[in-house]
Amino acid sequence: MNAIILLGPPGAGKGTQAARLAEALSVPHISTGAILRKAVEEGTELGRAAREIMEAGGLVSDRIVTGIVEERLAAADCGRGFILDGYPRNESQATALDEVLERLGAIGRILNIAVSHQELMARVRERRQQDGREDDKEDAFRRRLDVYETETQPLLDYYQDRVMPVCGLGSREEIYDRVMTVLTGRMAEVAAS
């Protein structure tokens, strides 16, 4: 089972690339935000716990988020693999994910879509003009970027040589081609060893 974990700053195109990869590889694209909302809607035990915290204005704990992710990864449609978008967000989640992947017998492939701050800001301005996304207001985006740099970017050190860098500049198609080149090259290396 292959687990593809997409890292990169907000606005790097993780969601876009995850959706394309999921379609090409016939595996589910798992967005942490989407499965968290679904668990809350369905009223699962973890979903109810998350709802209470969110309604009180708090942040859902790593334990709850990891539990919801683990429940989702155990679903039948993940049997061949999956693509994670938005998880892990910090070292605690990464450590827990390593344990989950080991239990599932999954091989994690970590891709980091690298994009400069200048390019990210240009993308956000363009996206805000086109889509009017509330989370793309410059101040809100800068806060998201600060949180990424503080909490998530250190995962590059945590994963070290397991990270496969992908240049996130260019068209969606160019980036997708780079992602596929990196993935197929690494999969061939693993098969040969």
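Each residue of the sequence shown is one higher than the last, beginning at 4 in my numbering.
C-beta: ideal position from N, C-alpha, C; glycine also.
- From the DSSP output, in three-state form, read off S95 for me. As a working note, residue 95 is residue 92 in the sequence shown. Here S95 sits in helix by DSSP.
- Task: Please state if the CB of Y90 and the CB of V63 are separated by a distance shorter than 8 Å.
- Result: By 1-based counting over the sequence shown, the position of residue 63 is 60. By 1-based counting over the sequence shown, the position of residue 90 is 87. Against a cut-off of 8 Å, the Cβ pair of Y90 and V63 comes out as no contact.
- Message: Within the continuous beta strand (DSSP E) that includes V30, where are the two ends?
- Response: Start at 1 with the first residue of the sequence shown, and residue 30 comes out as number 27. Looking at the DSSP string, V30 is not in any beta strand (DSSP E), and its letter there is neither H nor E.
- Query: What are the boundary residues of the alpha helix (DSSP H) that includes D80?
  - Reply: On the sequence shown, position 77 is the one that residue 80 refers to. Element bounds for D80: n/a, residue is neither H nor E.
- Message: Can you look up N188 in the DSSP assignment and give me helix, strand or coil?
- Response: What you label residue 188 is simply residue 185 of the sequence shown in a count that begins at 1. Looking at the sequence shown, residue 188 is not Asn but Gly. Of the three classes helix, strand and coil, the one that applies to G188 here is helix, per DSSP.
- Message: With a threshold of 8 Å, are at least 3 pairs of Cβ atoms found where one atom belongs to the segment 73 to 80 and the other to the segment 37 to 54?
- Response: Verdict: yes, contact present.
- Task: With V63 as the anchor, note down where its alpha helix (DSSP H) starts and where it stops.
- Result: Here residue 63 refers to the residue found at position 60 of the sequence shown. Run containing V63: none; DSSP gives neither H nor E here.
- As assigned by DSSP and simplified to three states, the class of G11: Here the question's residue 11 lines up with position 8 in the sequence shown. Reduced to three states, the DSSP call for G11 is coil.
- Message: Looking at the strands, I want to know which residues DSSP matches up with D88.
- Response: Numbered from 1 along the sequence shown, position 85 holds the residue referred to as residue 88. DSSP output for D88 lists L9, S34 as bridge partner(s).
- Item | Residues near V185 in its chain [Cβ-Cβ closer than 6 Å; skip 5 each side] | Along the sequence shown, one-based indexing puts residue 185 at 182. Taken in chain order, the residues that qualify are M167, V169.
- Residue closest to L158, alpha-carbon to alpha-carbon, out of L107, P12, V30: For the purposes of this step, residue 158 is identified with residue 155 of the sequence shown, where counting begins at 1. When only C-alpha atoms are compared, the closest one is P12.
- Alpha carbon to alpha carbon, how far is E58 from G188? Here residue 58 corresponds to residue number 55 of the sequence shown, with the count starting at 1. Here residue 188 corresponds to residue number 185 of the sequence shown, with the count starting at 1. Approximately 45 Å between the Cα atoms of the pair.
- Could you spell out where the alpha helix (DSSP H) holding M4 opens and where it closes? Working through the sequence shown from its first residue, we reach residue 4 at position 1. M4 -> no alpha helix (DSSP H), and no H or E assigned at all.
- Task: Could you check how far apart the C-beta atoms of L148 and L123 are, in whole angstroms? I think they sit under 8 Å.
- Result: As a position in the sequence shown, residue 148 is number 145, starting the count at 1. As a position in the sequence shown, residue 123 is number 120, starting the count at 1. About 7 Å; that satisfies the 8 Å criterion.
- Alpha-carbon spacing of T155 relative to Q96, whole angstroms: By one-based count along the sequence shown, residue 155 stands at place 152. By one-based count along the sequence shown, residue 96 stands at place 93. Rounded to the nearest angstrom, the two C-alpha atoms are 10 Å apart.
- Query: Which stretch, first to last residue, makes up the alpha helix (DSSP H) that contains R128?
  - Reply: Position 125 of the sequence shown, counted from the start, is the residue given in the question as residue 128. Segment 120 to 134, the alpha helix (DSSP H) holding R128.
- Output the boundary residues of the beta strand (DSSP E) element that contains A117. In the sequence shown, the residue the question calls residue 117 occupies position 114. Here the beta strand (DSSP E) through A117 covers 110 to 117.
- Within 8 Å, strictly: CB atoms of R112 and I178: Residue mapping note: residue 112 aligns to position 109 of the sequence shown, counting from 1. Residue mapping note: residue 178 aligns to position 175 of the sequence shown, counting from 1. Against a cut-off of 8 Å, the Cβ pair of I178 and R112 comes out as no contact.
- Item | the segment 43 to 54 in contact with the segment 100 to 108 per 3-pair CB rule at 8 Å | no
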